[in-house]
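**Student:** Here you go, one structure.
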Amino acid sequence: MRDFFTDLLKLQWLSAILALIGLGDSVYLLWTKLSITTIVCGLGDCEAVQASPYSSLLGIPVAALGAGGYGALLALAVWAIFAKDNAPGWLTDVRLIFAGIGLFFAVYLTGIELFVIYQICGWCVLQAVAITGIFLGLLIERKVERQVE
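Numbering-wise (this note's numbering), the sequence shown opens with residue 1 and increments by one.
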């Protein structure tokens, strides 16, 4: 039983760390968008991506949506970590749904970058890696939880 809780805690911490990375990334991109500051970008042309009409959805910067999503995922991961075995049974499922929506959106936006804008943004790649890691970690976490039930 100890191994179960140890493995689960490691997965929850992984999710929290990746959500924190995604949140920091989103906040940086939002700050550069709102302050009209040049983005430091080591991969691709982040400026072209940020200046495209796809960088906002219904007038809301995509980075703000990312910050909200990662903030929610971070809060839910911290709840799961500190609640330990007292966490509600649905908590992992809710986190998985949030991460699934984020992953879908990341895949969509990556497709826009590659096939419409013809530019890639290193910060966007980091986002895609973070949300993919969160989603896969949550799938494993859910499987580990189900094995004990």
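C-beta atoms are modelled at their ideal positions from N, C-alpha and C, and glycine is treated no differently.
So which of Asp93, Gly89, Ala128 and Tyr118 has the shortest CA-CA distance to glycine 44?
**Tutor:** Tyr118
**Student:** On the three-pair Cβ rule with 8 Å, is the region 44-53 touching the region 93-108?
**Tutor:** no
**Student:** Following the continuous alpha helix (DSSP H) through glycine 89, name the residue where it begins and the one where it ends.
**Tutor:** From DSSP, glycine 89 is part of no alpha helix (DSSP H); its letter is neither H nor E.
**Student:** Let me check one thing: in DSSP terms, what residues is glycine 22 bridge-paired to?
**Tutor:** None, per the DSSP bridge assignment.
**Student:** Give the secondary structure of isoleucine 60 by DSSP, where H, G and I count as helix, E and B as strand, and everything else as coil.
**Tutor:** strand
**Student:** Less than 6 Å between C-beta atoms, sequence neighbours within five positions excluded: which residues of the same chain meet that for arginine 95?
**Tutor:** Leu76 and Leu138
**Student:** Straight-line CA distance for alanine 64 to leucine 30?
**Tutor:** 6 Å
**Student:** Between the alpha carbons of leucine 74 and glycine 133, how many angstroms are there, rounded?
**Tutor:** Their Cα atoms are separated by approximately 13 Å.
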